[in-house]
DNA sequence: ACTTTATTGTTCAATGTTGAACATTAGCGG
DNA sequence: CCGCTAATGTTCAACATTGAACAATAAAGT
C-alpha cells in the first residue's frame, strides 16, 4: 500500500539508533547485576558519581544533570541519607535548597561502584579502538546537544 | 587517597559510554513526546514495529526481542488487543502459545508511529554523515553481542 | 503409558518513576 | 515595606516494570 514510503529499517540512521537503544538497555541490565553486590542500582550510582565530582550540588541541579524529575531525587536522596552515604545540609544563604555531599562511607562506596562500572564498560568496549570510542563520544554528544535544544525549544 | 586509580572520566571508553547513555535517555524523552499525539508510548511502538516485521510471533519471542520480561507482555498486549491494535490467536499445534498479529488499525498506526520515529532520528542525526552512522551501528551491534554473551554466560 | 522436566502465559505484590499540587523561601517591582 | 512571580523540595496518586508463584500444556526419560 505504501511502497512510496521506504521501510524504516532501510534507513541507515534508523538502524543505527535502534542498535544504540538495544546496547543501552543491555548495558543497564549487566550493570544492574554487577552492582548488586554493593546493594545499589544504576540510579544510585549516577548520584554517587555526580556528587563525587561536584560537591555541594543542589537536588534540583542534580536532577537536571541526571535528566530526571525533582521528585525522583526527593525519593532517593533521603533514603541514601538514612543509609549514611550522603549528607544534606541547608544553605544559610538560600534556605530553600539542600546542599549535597558524600560521607566518607559514600565516597568509599562511590569509588568501588565506579570501579565496577569502569570494568564493565572497558570489558565491553575492549574490542573497539580508542579512536572509534572518541568518534562515538563526539556523535553522542552532538546528538545529546541536538535533543536538549529540541526539548528546550518545545518549552 | 587513591591517586593510583585514574578517575573514570579520564578513560575514553568510560566517557564515551556516559555520552551514549545520556543521548539515549534524551531520545526516549523526545520520542515519548512525539508519540503522544498517537496516544502510545515507546514500549507500544516497539511492539508495533516488531509485529509489523514479524507476523505470528509468540509473546515470549517478542519479550526476548524487546529485552523485557514475559509479564510485561502479559500487561501490555491484552490492553493493545482491547484497543483493537493487535490480535492474539491460539496455535493449534502448541496450545500454550498465543500468535500475535497486527489488525488493519494496528498496521496503520504502526506506520504512522514509525514515520514519527524515523523523523525524530533523521532530524537528530542529520548532521552525522551516513558512513559515521554505519560505524556507529557496527560498534553498537558489537557491544550488544558482547553483552548478550555476558548475560548468557552468567547463567 | 507414566512420571518428570521445561516452557508458556497470567497474576500479584514490590519497586521505581513521573507529574501535579502544595508549602516555603527568594527575588523583584512597585 | 508589600505584593507578585519564580524556584526549591516534598508528597501523593497514577502508571510501568519486575520477579516469583501458579496453572496449563508440551516434550523427554523411563
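Protein chains in written order, with my numbering: chain L, 1 to 155; chain P, 1 to 155. All C-beta atoms, glycine included, are put in the ideal place defined by N, C-alpha and C.
Three-state class that DSSP yields for residue i in the structure shown
i, result
"residue 62 of chain P", "helix"
"residue 99 of chain L", "strand"
"residue 89 of chain P", "strand"
"residue 6 of chain L", "coil"
"residue 112 of chain P", "helix"
"residue 83 of chain P", "coil"
"residue 20 of chain L", "helix"
"residue 119 of chain L", "helix"
"residue 154 of chain P", "coil"
"residue 126 of chain P", "coil"
"residue 40 of chain L", "coil"
"residue 106 of chain P", "helix"
"residue 68 of chain L", "coil"
"residue 15 of chain P", "helix"
"residue 149 of chain P", "helix"
Inter-residue CB distance, residue i and residue j (contact presumed, cutoff 8 angstroms)
i, j, result
"residue 80 of chain L", "residue 47 of chain L", "7 angstroms"
"residue 20 of chain P", "residue 133 of chain L", "About 10 angstroms; that fails the 8 angstroms criterion."
Neighbourhood of residue i by C-beta distance below 8 angstroms, restricted to the same chain and skipping five residues each side
i, result
"residue 15 of chain P", "9"
"residue 112 of chain L", "38"
"residue 120 of chain L", "27, 30, 31, 34"
"residue 103 of chain L", "84, 85, 86, 87"
"residue 151 of chain P", "none"
"residue 69 of chain P", "63"
"residue 42 of chain P", "28, 31, 32, 35"
"residue 50 of chain L", "57, 62, 65, 66"
Beta-bridge partners of residue i, as assigned by DSSP
i, result
"residue 75 of chain L", "Residue 75 of chain L is not bridged to any residue."
"residue 27 of chain P", "Paired residue(s): none; residue 27 of chain P is not in a bridge."
"residue 140 of chain P", "Note: residue 140 of chain P sits in no beta bridge, so no partner."
"residue 57 of chain L", "L:100"
Spatial neighbours of residue i in its chain, beta-carbon cut-off 6 angstroms, leaving aside the 5 residues before and after
i, result
"residue 66 of chain L", "46"
"residue 97 of chain L", "58, 91"
"residue 106 of chain P", "85, 86"
Residue i Cβ short of 7 angstroms to the ligand COA heavy atom set
i, result
"residue 141 of chain L", "Only the bare structure without any ligand can be found here, which leaves the ligand COA out of the picture."
Same chain, Cβ closer than 7 angstroms to residue i, neighbours up to 5 away in sequence not counted
i, result
"residue 1 of chain L", "Any reading at residue 1 of chain L needs caution, since the residue's pLDDT is 49, under 50, leaving its predicted position unreliable; the model's value is listed next. Closer than 7 angstroms at Cβ, skipping near neighbours: no residue."
"residue 72 of chain L", "63"
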